[in-house]
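Since the structure comes first, as structure tokens, the remarks are kept for the end.
Protein chains: 2
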Amino acid sequence: MSGASLHQRITADLGGEIRSGAWPPGHRIPFEHELMARYGCARATVNKAVHALAVQGLVERRRKAGTFVAAPHITSAVLQIPDIRAEIESRGQRYAWARLAWRIRPARPGGDEAPLDPAGDLLQVKGLHIAGARPFALEERLINLAAVPKAADCEFKHVAPGAWLLAHVAWTEARHEISAINPDPETAAALSHARACLVLKRWTWRQQAGITFARQVFAAETIELTARFTPGGP
Amino acid sequence: MSGASLHQRITADLGGEIRSGAWPPGHRIPFEHELMARYGCARATVNKAVHALAVQGLVERRRKAGTFVAAPHITSAVLQIPDIRAEIESRGQRYAWARLAWRIRPARPGGDEAPLDPAGDLLQVKGLHIAGARPFALEERLINLAAVPKAADCEFKHVAPGAWLLAHVAWTEARHEISAINPDPETAAALSHARACLVLKRWTWRQQAGITFARQVFAAETIELTARFTPGGP
DNA sequence: TAGTGGTCTAGACCACAGC
DNA sequence: CTGTGGTCTAGACCACTAG
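In structure tokens, the structure reads:
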């Protein structure tokens, strides 16, 4: 860490005290002027260092009172939902996409598309994500053509809708649902998997405009998550 | 926003251009010296503002080249794993905990406890989280008594292990796995639910010391998640 | 090599919350 | 009222890298 900048070193030092438990929640960490003396630097530098800890959620700062070690949150964790292709390739398997169906149809009230509040036509694509030679996930995708008219020009024969959208449209908000189902016979046949399956549903918006809905049925794969102390986020 | 500080206003201004789509991914935002002129302030101020955008993941900065609007990540979302009791009560239902089993047993190699790397005895608790009159989740809990000896004094008859641990032990790291199963007959009977179930496994550590493992089988409830544009996290 | 961002300084004034 | 953190300035030098 000697190559890092001074404020990064200070942040790491103080963060280490907190994560090690030497400074428990509620403990007042040194004042900025004390840290100035300890590190022999300007106040702006220690301020930047301690401010970074506050952004990370490790400390809370109060004028006149000082800076205190924060209590860890339990309610939030960082969920890794990798791109399916990246997930498969990171396992060293070959990725393939097989399109099963493609059509344009008018939006209907109700159903999974309702949260997108689509106005005109939807592009509906169905296909299979394949890892090596085995089915990995079955995907049903709806794309709001009013928001993404260019999508109608893509047949999604060789590129999955998620990959195409990622390259062409930015999203600002998403909602996810994870659930468990017993697959219907058609799904079970497509996945070669008849037991319980994980289902991930994802709705994506850009500025209140519904972009796309995806429903991915996994072959009972497990989704793994890691959470660290106060991972933060607003 | 006129009450906010200048660097916050600059951050909000630039962030607005990006989120609105006026500046698409890949677009080069104004140089720092241009922003200095535009806002009539020192470089340190615009640097702080643009740096905040970089921390949020909205932009990427490259020396000599400039600052560019980043492509949104899809890979991370904030997962809300509320306390089960809080979840049930937030739905307006009465919460209850029913202990089914309690015992102390030596740690065994392998199995779900392995990641905790327990040294001595484990406290094993099994029970049911109940919403109103219906089973909500079946929980199997292991507590590492070497790390939390006080837990042996609690019978967990009227308080669930998660609630007790939350009040008595701080954690620094956790790992989660979500999967789907078809319940075995015993589990199906306890949950009054024979179809596919969601399973959440959670391992919790404090400084490399394994604290507890929990396996919660839900009655096919759905876990919901919300993600915003580049919610960040390291 | 020139220009960008990364870092740092030695000040300053202010808002706010404890005392 | 005092002391803390919040903010800002007008410089400076440096590291990296695109051209």
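Protein chains in written order, with my numbering: chain H, 1274 to 1507; chain U, 1274 to 1507.
Virtual Cβ for every residue (Gly too), placed ideally from N, Cα, C.
Those residues which DSSP pairs with residue i across a bridge
i: H:T1340; result: H:I1302 and H:R1334
i: H:G1400; result: H:R1372 and H:E1412
i: U:K1474; result: U:E1450 and U:R1488
i: H:R1378; result: H:L1395
i: H:R1407; result: H:A1404
i: H:R1479; result: H:A1482
i: H:N1417; result: H:L1395
CB contact check: residue i to chain H, cutoff 8 Å
i: U:R1250; result: A query on residue 1250 of chain U cannot be resolved here, the shown segment of chain U reaching from 1274 to 1507 and no further.
i: U:L1396; result: no
i: U:R1376; result: no
i: U:C1470; result: yes
i: U:A1443; result: yes
i: U:P1298; result: yes
Separation of residue j from residue i, as counted between CA atoms
i: U:G1299; j: H:I1357; result: 24 Å
i: U:A1325; j: U:V1332; result: 9 Å
i: H:L1411; j: H:L1439; result: 19 Å
i: H:A1487; j: U:W1296; result: 26 Å
i: H:P1379; j: H:L1471; result: 29 Å
i: H:Q1281; j: U:T1318; result: 19 Å
i: H:S1293; j: H:T1284; result: 14 Å
i: U:I1302; j: H:T1445; result: 19 Å
i: H:A1374; j: H:Q1397; result: 8 Å
i: U:E1413; j: U:Q1480; result: 23 Å
i: H:G1288; j: U:V1442; result: 19 Å
i: H:G1384; j: H:A1392; result: 14 Å
i: U:N1320; j: U:R1335; result: 13 Å
i: U:E1307; j: U:A1447; result: 44 Å
i: H:A1492; j: H:R1316; result: 55 Å
i: U:H1449; j: H:Q1366; result: 24 Å
i: H:P1422; j: H:W1437; result: 13 Å
i: H:A1433; j: U:P1434; result: 44 Å
i: U:P1408; j: U:H1402; result: 6 Å
i: U:A1508; j: U:V1490; result: Here chain U covers residues 1274 to 1507 and nothing more, so residue 1508 of chain U does not appear.
i: H:L1395; j: H:T1485; result: 9 Å
i: H:V1323; j: H:F1341; result: 11 Å
Burial state of residue i, where buried means 16 or more other Cβ atoms lie within 10 Å
i: H:F1304; result: exposed
i: U:G1483; result: buried
i: H:I1377; result: exposed
i: H:R1381; result: exposed
i: H:S1452; result: buried
i: U:E1386; result: buried
i: H:E1459; result: exposed
i: U:H1431; result: exposed
i: U:E1360; result: buried
i: U:K1474; result: buried
i: U:L1456; result: With the sequence shown as reference, residue 1456 of chain U is identified as Pro, and Leu is not the correct amino acid for it. Buried, by the Cβ-count rule.
i: U:G1400; result: buried
i: H:A1463; result: buried
i: H:I1347; result: Any answer about H:I1347 is weak, because its pLDDT of 47 lies below 50 and its placement is not dependable; what the coordinates show is given next. Buried, since its Cβ has 16 or more Cβ neighbours within 10 Å.
i: H:A1424; result: buried
i: H:A1420; result: buried
i: H:A1338; result: exposed
i: U:A1310; result: exposed
i: U:A1277; result: exposed
i: H:A1406; result: exposed
i: H:A1344; result: exposed
Residue i at chain U interface by Cβ criterion, 8 Å
i: H:S1452; result: yes
i: H:N1417; result: no
i: H:P1434; result: no
i: H:P1388; result: no
i: H:T1460; result: no
Chain-ordered neighbours of residue i on chain H, where CB pairs are closer than 9 Å
i: U:V1328; result: A1325 and V1328
Partner residues on chain U for residue i, Cβ-Cβ distance less than 7 Å
i: H:A1420; result: In chain order: nothing, as chain U lies at least about 11 Å away.
Listed by chain order, chain H residues near residue i by CB distance under 8 Å
i: U:N1455; result: N1455, R1468 and A1469
i: U:Q1480; result: R1292, S1293 and G1294
Chain H contact residues for residue i, given Cβ-Cβ distances below 7 Å
i: U:P1408; result: In chain order: nothing, as chain H lies at least about 16 Å away.
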